[in-house]
Amino acid sequence: MSEKMVDKYGDGNDFIRDNSSVDDLIDGGKGNDFILGKQGDDKIKGGKGDDIVEGNRGNDDLKGGSGEDLLFGGVGNDTLIGGDDADTFSMRIWKGGDNTISDFTLGEDKLQLVFNRKHYVLENDVVTERLKAKFDTEDLNQSQTDRVEERETKIGEQLEAQVLKAAGKADMENVTDADSFVQESIDNHLDISSNESGDLILTFLDYDADAKRNLGTNITLKDFFVTNSGPLADQISAHLALGNTESIIALLSNPDATAAGTNDDETIGASPSESLPAFTTDGNDYVLALGGDDKFQEYGGHSLGNDILDGGEGFDTASYWYQKGHIHASVNDDGSIKLEQFLTSKEHSNTESAADFTDTLISVEKIIGTRGEDQYDFSGLVDPLSGTSKGITITDTSEAASNDFAIGSDFDDDINLVSGDDIIYGGKGNDTLKVTLGNNKLYGEEGNDHLNGGNHSDYLNGGDGDDYIVGGNYYGDGSEDRDDTLIGGSGEDTLRGGGGNDYFETDGRGSVEDDIVDGGDGYDILFYNDHLVNGLGTDAALNMSVKGNGGYQSIQISAVDNSGQISNILSTDMVKNIEEIQGTRGDDVGDFSGLNHGIVYKDKWTDAGDESMVGSDHADIFDLMWGNDTAYGGKGNDVIKASGGNNEFYGEEGDDKLHGGNHSDLLVGGSGNDFLSAGRYYAVHDDDLTDIHDILRGGDGNDELRGSGGNDELYGGNDEDKIYAGNGDDVIYADAKVAGYLRSEMADDYVDGGDGIDTLYYSDNLVGATHLEVTSNKGVMSVIAKDNDTEVATDTVKNVEVLHGTRGDDVIDFSGLGHGMTYIDKWTGAGEDTVTGSDYDDIINVMHGDDTVHASSGEDYVDGGHGVDSLVFAAGTAITVEAHGATYRNEYKVSVDGTDDFTIIKNVEVIKIGEAETSLDDYFPTV
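Numbering-wise (the numbering used here), the sequence shown opens with residue 343 and increments by one.
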């Protein structure tokens, strides 16, 4: 063909259409021109301006010139030169010929792959641009717009038919339109290579194995690795070596894409939806991951420098796991993440020097920390990440991690720290905080949070909101779990302890809500605040009861108005697998009678209320401290304690231990071998004991009773008891106290009256015994119950100053004691007693019966009562008898001559010296 020369166009926006088949030379000149070549080997130059240049059929040479140009080679072997500025090279891949692009610049120019010209036209709004150029207008009228729409619809229909025909020929089953044809071609029909000249060659081939000619396209980016050096070209080379064709096309088709770093301070990037490879280079790099869920895998492991990591769209991760030292992460004013790297030490220091390097993370949603003591503070995060309500995600990946510190954002954070003694604050938002190893502290703060402890001793505080808190290892066997602390805070919380001996608090700052607590394995404690706010201006109290049976059983704990209005329920907690409850300062009420395990309830140390407790059928402990409390132990071996107040404790069945307080208590052991102590600490540290009066009742069983420092009443009850009366003037019944017409059974008891003037009572009548026989030796009395001459039982008694006998013929000998005694016989029905006093000052009241009293040393007093009573002295004793006091007193003083010993007698009729018997009337004939 002959060559036709077309004149150069001027400064305007020209529409140039070549309808000839000759080889044309066209220069658009200045302006934004639309130049449409047709047949022939054309040479077209866009000139200055943003031009659209099409070669179409023939082997064309296309030059965009200056400006941002769009170049389309079409069919044939074309050569394209974009010229200055950012240009787009639109290349057909189906029957596109052998093409060369001579000046492609990475990070500036764009490679667009299309099926054919119709695809190119639709992708670039060519119909619209053609009409604008033809009519030299920026805006089309309605008629022109309708024409564009009609034309594009027709082109689209033609394009679809051509694509489906080509796909059938190439056996491409998944192709439905031109875009999917291009993607399928990239995935399965594209070969990318380079040569020694530095060209990058893209070949689309193998569409039809039986075809006599290549139906694809060959695109050579000439001198690509000569004109493009640095990180982008290096990344292309890396993808070439790995065969990552899609990654290369993504870099070529998106001028904003970046790739992995180099040793230079460069802007670098990677392909969309790709996991970035491990980086081994240094320098201040910029990494843009584009779309997809990307991972800056081990970035920073060996890549140093002040880098910018931009995750783009998707959920992106930056990992510093193999980095030396530790990191600090915080939020910049623009919302990006400031990540400081400290390389010299794994340990965090509040006085450490400036960071070695500082990275900036943009659109990165997850950080994997180092093995060092990392610090995170996302409290300054203004907007959520990933376009949702999500905050930051933080984790470390193995047991090699150290002690980390993290503050979450105001959004929904996910922080999972595997090892070390970590501290995490969730901040606002519905956060998920997890740990695995170490002794950790987790604070959910505001929001409905999920806290998971690990296998050691953790402190977990939900804060405000409806939180779900698991102490650790809950669904395992608990073998490695330790003692956790779980604090629900305000809101309706669920607390699960797991293994270990855990501590629970359901409410924060005294607020009350409906919570769920499951202690799990181990000995678990549930604590309630001293004061619970009830909204009525007064404190609330607890009302506890058992709900359900067997394995589904739980304790219902309601916060109620402390005025006793049980119907005024403020909140209700459902509790199971809890071994100890620590109550409020209100008047708490607990009924555990249906519980399938024992319970421990502990009151407050100060200002406790008046509690009322009923125990289970198992071993319970009620530590009620202060207040006027009432407790029933139920079955089981129970412990009931108080410190102050006037209390009533009933051990009931089982071997119970009852400890009264420092005031007046009633302690009743019930059946079983009980221990009763009137004072919590076995002594009273109070100067005024006048109003302290405890009553201790042992009941059945071998009991131990301990009085207080006051004037107590102690009743041993049946069986073999130990009674320690303590200080004060105490009243003691070694056995059961019964009415005078009944009999009680005497067992082998031990009685120690302690300090004070203590009185020991025996029943009027004994079962299986006729009388008492008392001997004494070295300050200890043996009180023997005898059936005539047969011993039935023996009490061991010390530090008792007053003894009350039975109605039998008691034989009493105080001669071995180290102190004086008072002996009192029964007022009615008493037998004929024989009493020997001590060497000290004694008082002996033998009441009814013909009684005999053996005089002893000291200044004694004897009242014989009714009957003919005798005072006996040893043979050879010289005595003097004289009236004592006023005549109406009917008292006489019998003195032993030569000594200071005397006995004041009343209602004594006979005085014996040895075998010699003298009536008192013989000493006073006028009487």
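For each residue, glycine too, the CB sits at the ideal point set by N, CA and C. Fair warning: this is a prediction, and the values are worked out from it, not measured in the lab.
Under the assumption that M1088 contacts A1135 (Cβ atoms under 8 Å), give the Cβ distance between them as a whole number of angstroms.
4 Å
With distances taken Cα to Cα, identify the nearest neighbour of Q895 among A883, I858, H531, D929.
I858
For F376, name the three-state secondary structure that DSSP assigns.
strand
Pull up the DSSP beta-bridge partners for S1261, would you.
V1252
Give every residue of the same chain whose Cβ lies closer than 7 Å to the Cβ of N355, excluding the five residues on either side of it in the sequence, and list them in chain order.
G373, N374, D375, A475, D478
For Y1103 and L1114, which I take to be in contact (beta-carbon distance under 8 Å), what is that distance rounded to the nearest angstrom?
Going by Cβ atoms, the distance from Y1103 to L1114 rounds to 12 Å, so no, they are not a contact pair.
From what residue to what residue does the alpha helix (DSSP H) around D521 run?
520-530
Have a look at E715, G415, L793 and flag the residue whose alpha-carbon is nearest the alpha-carbon of S761.
E715
Determine the extent of the beta strand (DSSP E) in which H1113 is found, giving its start and end residues.
1113-1119
Could you tell me whether the segment 948-961 touches the segment 921-939, using the rule of 3 or more Cβ pairs below 8 Å?
yes
Could you tell me the alpha carbon to alpha carbon distance between A583 and D541, rounded to whole angstroms?
15 Å
Cutoff 6 Å; reference M1163; Cβ partners in own chain excluding five residues on either side:
F1156, S1180, D1184
Through-space distance from Q381 to V505, alpha-carbon basis:
23 Å
Classify E499 as buried or exposed, calling it buried when 16 or more other Cβ atoms lie within 10 Å of its own Cβ.
exposed
Tell me which same chain residues have a C-beta within less than 6 Å of the C-beta of D420, skipping the five on either side of it?
G397, D402, N441
When the Cα of Q898 is compared with those of K708, E855, R927, N458, which residue comes out closest?
E855
Using a 10 Å radius around the Cβ and a threshold of 16 neighbouring Cβ atoms, would you call N797 buried or exposed?
buried
With a 10 Å radius around its C-beta and 16 neighbouring C-beta atoms as the bar for buried, classify S1050 as buried or exposed.
buried
So the candidates are V629, S744, A743, T737; which of them puts its Cα closest to the Cα of L703?
V629
How would you call A1216, buried or exposed, if buried means at least 16 neighbouring beta carbons within 10 angstroms?
exposed
When the distance is taken between beta carbons, is D1077 closer than 8 Å to N1060?
yes
Check whether K776 and F753 have beta carbons under 8 Å apart
no
Just how far apart, CA to CA, sit K666 and S687?
8 Å
In this structure, does DSSP put E1087 in helix, strand or coil?
coil
To the nearest angstrom, how far is the alpha carbon of G786 from that of L727?
19 Å
Return the CA-CA distance between T487 and G425, expressed in angstroms with no decimal places.
32 Å
Nearest neighbour of W663, chosen from D980, F546, L685 [CA to CA]
L685
Measure the CB-CB distance between L1000 and S985 and report whether it falls below 8 Å.
no
Length of the line joining the Cα atoms of N790 and G805
9 Å
I'd like the list of long-range same chain contacts for D866, defined as Cβ closer than 6 Å, with 5 residues on each side in sequence excluded.
G839, D844, I920, E921
Is L563 helix, strand or coil when you go by DSSP?
strand
Rounded to whole angstroms, how far is the Cβ of G1012 from the Cβ of G1041, which I believe are closer than 8 Å?
5 Å
Rounded C-alpha distance that separates N841 from H792
Reading off the sequence, residue 841 comes out as Gly, not Asn. Using only the alpha carbons, I get a separation of about 18 Å.
What number of angstroms, rounded off, separates the C-alpha of F431 from the C-alpha of D451?
8 Å
Check each candidate in D1167, V524, D945, E788 and name the one with the smallest Cα separation from R434.
V524
Give the range of the beta strand (DSSP E) segment to which D773 is assigned.
Note, D773: premise wrong, no beta strand (DSSP E); not H, not E.
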